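The sequence shown runs 1456 to 1815 under my numbering. Every residue gets a Cβ at the ideal spot worked out from N, C-alpha and C, and that includes glycine. All figures in this text were calculated on a predicted structure; none of them were measured in a lab.
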Amino acid sequence: MAKKLLASVMAFALCLFVSAADMVVKGKNGEDRKINVVDQSKTFLEFKVLSDSTVEVTNKSSYPSYRGHKSITIPEKVRIEGKVYTVTNIGEEAFKYCSRLTSINIPKSVTSIGECAFDGCSYLTSIKIPEGVTSIGKFAFYGCRGLTSIKIPEGVTSIGVDAFYGCSRLEPELLVYDKGTKCYGWIGDKKKCTKVVIPEGVTSIGVDAFDGCDILEPELLVYDKGTKCYGWIGDKKKCTEVVIPEGVTSIGYAAFKRCGSLNSINIPESVTSIGASAFRQCIRLTSIKIPEGVTNIGDLAFYGCNNLTSIKIPKSVTSIGKCAFDGCSYLDIVIDNSKKKVEVGRDAFKNCKSVKWLKD
């Protein structure tokens, strides 16, 4: 009797251990999905608590113990001091310079891949980004020259500056997501790119995203509904006309700098910011309409546009950067200052033909 009782107690204790190690959650289709919970003391990975229920994979030391690992699996759940957390982020520099790493498994719970997360992982050959990921930080896969394939899921809305810079073995065509061959930017050796398609949902393109794409057709960046453009492609010195679609909110730093053949551009009403050097030295641009809603015109934005003849600054603009229109020697500028005072940087209108202020 005593032996049976002891066996029952041991079996009960074993069940408690198993239930503590595993969790069952409902999947998207209502099915039960078993998730293994990893105790922090049982893994070499390091974690940072973000909230009462979430953590990110982090890198707390200058030379983490996992830097020499070839294969890594990130758990979906981790127990820290008796409490279970969900892993939602791969933090900044989490796997930076893990030069021996060839494969990594990222759980479905992850929604963000941080800045420089896999920077310098030169032997990483492939990676699957889960459907729940919405952002990939700048330099996230910088220098991952061993990568031969990668798929960006539909839910990703932000890809940082130079996120895939130096991934020279990736096919130099498109970053794709589930619904067809749509592109968020470039992949691989962008000097070899011949075609880039930007999907309608993208609202921002990073600094120098297509810099050096010399053999791209010098026409338009297009998306689903016709030949609409977010910026320039290819040898931008050859671009003559650019149409930016509705939905774009900012024109980034040096987006059209030195587009020497550009003579026409349409800026949609959705744009609120024109970045520094955005149209610098567009010497054939003769006119441009700045839409109501733009609040900021950056430093050197129209520097050296010496064929511009007229431009009206709407009353929504609150700041004009230094040397913004410097060198526009044929330009008559009208500034609507009836709403609020406009902050004007040094030499903003240097060498312009005339400047007229509209006031109450």
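Between which residues of its own chain and residue i is the CB-CB distance below 6 Å, once the five residues before and five after are set aside?
{"i": "Tyr1632", "result": "Below a pLDDT of 50, predicted positions are generally treated as unreliable, and Tyr1632, at 33, falls in that range; no measurement from the model is reported."}
{"i": "Val1493", "result": "Pro1530, Val1533"}
{"i": "Gly1523", "result": "Arg1555"}
{"i": "Tyr1620", "result": "Tyr1597"}
{"i": "Val1801", "result": "The identity of residue 1801 in the sequence shown is Arg, whereas the question assumes Val. Only Lys1777 meet the Cβ criterion."}
{"i": "Ile1527", "result": "Ile1559"}
{"i": "Lys1805", "result": "Asp1781"}
{"i": "Lys1767", "result": "Val1789"}
{"i": "Tyr1552", "result": "Gly1575"}
{"i": "Lys1808", "result": "Tyr1785, Leu1786, Asp1787"}
{"i": "Val1504", "result": "Val1510"}
{"i": "Thr1612", "result": "Thr1589"}
{"i": "Ala1709", "result": "Ser1732"}
{"i": "Glu1501", "result": "Thr1513, Lys1515"}
{"i": "Tyr1521", "result": "Phe1499"}
{"i": "Val1810", "result": "Ile1788, Phe1804"}
{"i": "Lys1583", "result": "none"}
Give every residue of the same chain whose Cβ lies closer than 7 Å to the Cβ of residue i, excluding the five residues on either side of it in the sequence, and list them in chain order.
{"i": "Trp1812", "result": "Ile1790, Asn1792"}
{"i": "Lys1634", "result": "For Lys1634, the predicted structure reports a pLDDT of 35, less than 50, and the residue's modelled location is therefore unreliable. The matter cannot be settled from this model."}
{"i": "Lys1557", "result": "Position check: residue 1557 holds Thr in this sequence, whereas Lys was assumed. Correct list, in chain order: Lys1525, Ser1526, Tyr1578, Leu1579, Thr1580."}
{"i": "Asn1762", "result": "Ile1738, Arg1739, Leu1740, Thr1741, Tyr1785"}
{"i": "Thr1509", "result": "Tyr1540, Thr1541, Thr1543"}
{"i": "Ala1549", "result": "Val1512, Thr1513, Asn1514, Gly1569, Ala1572"}
{"i": "Gln1495", "result": "Phe1502, Val1533, Arg1534, Ile1535"}
{"i": "Lys1795", "result": "Thr1773"}
Would you mind sorting residue i into buried or exposed? The rule is 16 or more other CB atoms within 10 Å of its CB.
{"i": "Gly1560", "result": "One point to set straight first is that residue 1560 is Asn, not Gly, in the sequence displayed. So Asn1560 counts as exposed."}
{"i": "Gly1575", "result": "buried"}
{"i": "Asp1507", "result": "exposed"}
{"i": "Thr1513", "result": "buried"}
{"i": "Glu1536", "result": "exposed"}
{"i": "Phe1499", "result": "exposed"}
{"i": "Tyr1540", "result": "buried"}
{"i": "Ser1705", "result": "buried"}
{"i": "Glu1701", "result": "exposed"}
{"i": "Glu1798", "result": "exposed"}
{"i": "Lys1515", "result": "exposed"}
{"i": "Ser1732", "result": "buried"}
{"i": "Glu1747", "result": "exposed"}
{"i": "Leu1755", "result": "buried"}
{"i": "Tyr1678", "result": "Unreliable placement is indicated for Tyr1678, whose pLDDT of 32 sits below 50; no coordinate value is reported for it."}
Excluding five sequence neighbours on each side, which residues of the same chain lie with their C-beta closer than 8 Å to the C-beta of residue i?
{"i": "Pro1562", "result": "Ile1529, Pro1530, Glu1531, Val1542, Pro1585"}
{"i": "Val1565", "result": "Ile1529, Val1542, Thr1543, Asn1544, Ile1545, Pro1585, Gly1587, Val1588"}
{"i": "Lys1814", "result": "Asn1792, Ser1793"}
{"i": "Ser1577", "result": "Ser1554, Gly1598, Cys1599, Arg1600, Gly1601"}
{"i": "Ala1803", "result": "Ile1775, Gly1776, Lys1777, Cys1778, Ala1779, Phe1780, Asp1781"}
{"i": "Ile1745", "result": "Ile1722, Ile1729, Ile1752, Ile1766, Lys1767, Ile1768, Pro1769, Val1772"}
{"i": "Phe1592", "result": "A small correction: the amino acid at residue 1592 is Gly; Phe does not occupy that position in the sequence shown. Counting only Cβ-Cβ distances below 8 Å, and skipping sequence neighbours, we find Glu1547, Ser1567, Ile1568, Gly1569, Glu1570, Cys1571, Ala1572, Gly1615, Ala1618."}
{"i": "Phe1594", "result": "Glu1570, Cys1571, Asp1574, Gly1615, Val1616, Asp1617, Ala1618, Tyr1620"}
{"i": "Thr1750", "result": "Thr1727, Ser1728, Ser1771, Val1772, Thr1773, Ser1774"}
{"i": "Gly1681", "result": "The predicted position of Gly1681 is uncertain, since its pLDDT is 34 and thus under 50; a value taken from the coordinates is nonetheless stated next. Once the five neighbours on either side are set aside, Gly1681 has no close Cβ partner at all."}
{"i": "Thr1764", "result": "Thr1741, Ser1742, Tyr1785, Leu1786, Asp1787"}
So who's on the other strand from residue i, going by DSSP bridges?
{"i": "Arg1534", "result": "Asp1494, Val1539"}
{"i": "Lys1583", "result": "Lys1606"}
{"i": "Asn1751", "result": "Ser1728, Ser1774"}
{"i": "Leu1813", "result": "Asp1791"}
{"i": "Glu1511", "result": "Lys1503, Asn1544"}
{"i": "Ile1722", "result": "Per DSSP, none; premise fails for Ile1722."}
{"i": "Ser1767", "result": "The sequence shown places Lys at residue 1767, not Ser. Partner(s): Val1789."}
{"i": "Thr1528", "result": "Asn1560"}
{"i": "Ile1699", "result": "Beta-bridge pairing links Ile1699 to no other residue."}
{"i": "Ile1591", "result": "Ile1568, Ile1614"}
{"i": "Ser1705", "result": "Ser1728"}
{"i": "Ser1742", "result": "Ser1765"}
{"i": "Val1799", "result": "Ile1775"}
For a cutoff of 8 Å on Cβ pairs, would you count residue i as touching chain C?
{"i": "Val1565", "result": "The structure shown contains no chain C, having only a single protein chain."}
So is the beta-carbon of residue i under 7 Å away from any non-hydrogen atom of the ligand FMN?
{"i": "Lys1796", "result": "With respect to the ligand FMN, the structure shown offers nothing to examine, as it has no ligands at all."}
**Message:** Under 8 Å: do the region 1709-1725 and the region 1736-1748 share three or more Cβ pairs, one atom per stretch?
**Reply:** yes
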